[in-house]
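In the numbering used here, the protein residues as written are 68 to 245.
Backbone N, C-alpha and C fix where the C-beta goes; we use that ideal spot for every residue, glycine too.
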Amino acid sequence: SPSLEPTRPTPTDRLATHIRTARQFINTHYSVLSHRFNEYLNQYLHYEHTVTSTVASLAPPKGSGEQVVPGSIYVLVTAMAGSILTRRRIWPIRILTPIVVATGASWYFLPLTTRNVGELLWHFEKKVPAVAETHLQIRKTAEDNIAVIRQNIVETRKVVDENVTKGRETIEEWVKKQ
């Protein structure tokens, strides 16, 4: 009796089973791949937004009147001039002079942008406490030295003015006696 015999799947049934398994495999892996791609895309967009907002925060405010392009050209030309002036010097001077001259030029030509860059660098320095502490020590030493220099300038002007006044009075008395 044919009804008692177990029915074997037909080739069409076996093909349908394989197709279903392949379709489930593809759908599962497509979902995983799509999810990971979206995660990476979100990370990239977040990173891009972070970089864009960081760069935008470096620019001076619109009403400040500070022009970045001409100022940047001036700073680059000044750095090149510092490099040219120290062309035949020992290597520390050749390296440091253009950096120092360009930094001074950036403070002169682009004060707001340079301040913003300095604040950004300070933000990164704070992540490494040893670097931040060293920076603060160097800054304090530099500020103290600048204060001493300014005081010495005031005292030197006072001494020079006194000596010039005494010299002038001496010459005037000498001329009067003649």
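Cβ pair residue i, residue j closer than 8 Å
i	j	result
Gly149	Thr170	no
Val142	Phe176	yes
Glu192	His202	yes
Thr180	Val135	yes
Ala197	Val168	no
N- and C-terminal bounds of the alpha helix (DSSP H) containing residue i
i	result
Val225	Note on identity: in this sequence residue 225 is Lys, with Val being the wrong assignment. Run containing Lys225: 196 to 244, per the alpha helix (DSSP H) assignment.
Glu192	178 to 192
Thr77	Unbroken run through Thr77: none, as it is neither H nor E.
Thr145	135 to 152
Close beta carbons around residue i, own chain, < 6 Å, minus the five adjacent residues each side
i	result
Ile160	Thr153
Glu186	none
Same chain, Cβ closer than 7 Å to residue i, five either side skipped, listed in chain order
i	result
Val184	Leu125
Ser173	Val142, Thr181
Phe92	none
Residues near residue i by beta carbon distance below 8 Å, same chain, minus five either side
i	result
Val221	none
Ser68	The pLDDT assigned to Ser68 is 47, lower than 50, so where the model puts this residue is not dependable; a value taken from the coordinates is nonetheless given after this. Here the set comprises nothing.
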